[in-house]
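Take the sequence shown: its letters are residues 23 to 74, numbered as in the numbering used here. Ideal placement from N, C-alpha and C gives every residue a C-beta, glycine not left out.
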Amino acid sequence: MSTSHQDVSFQTFDGVTLKGWFFQASAEKSPCIIMTHGVCLMDDVGKKCLKS
C-alpha cells in the first residue's frame with residue numbers, strides 16, 4: 023500500500039460533509055479498512071499506524 027493518498031468527501035442525506043483520505047491498495051483484490059477519529063490518532067501518526 024502506498025502512503026500517498028487522495029482527499030475525499032461525501033455528503034450525507036442530511037447535508038453533513040464527511041471528509042477523509044483514500045489510500046489505493048497495491049493489489050487488485052484487497053480488503054477495505056475504514057478508520058475513524060481516535061484510531062491511531064490523526065494525520066502523520068495515522069500514516070505511521072497504516073505502515074505497520
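Helix, strand or coil at residue i according to DSSP, with G and I counted as helix
i, result
"Phe35", "coil"
"Gln28", "strand"
"Lys51", "coil"
Cβ separation of residue i and residue j, assumed to be a contact under 8 Å, to the nearest whole Å
i, j, result
"Gly30", "Phe44", "Sequence inspection shows Val at residue 30; the Gly mentioned does not correspond to that position. Indeed they touch by this definition, with Cβ atoms about 5 Å apart."
Residues that DSSP places opposite residue i in a beta bridge
i, result
"Phe45", "Answer by DSSP bridge pairing: none, since Phe45 is not bridged."
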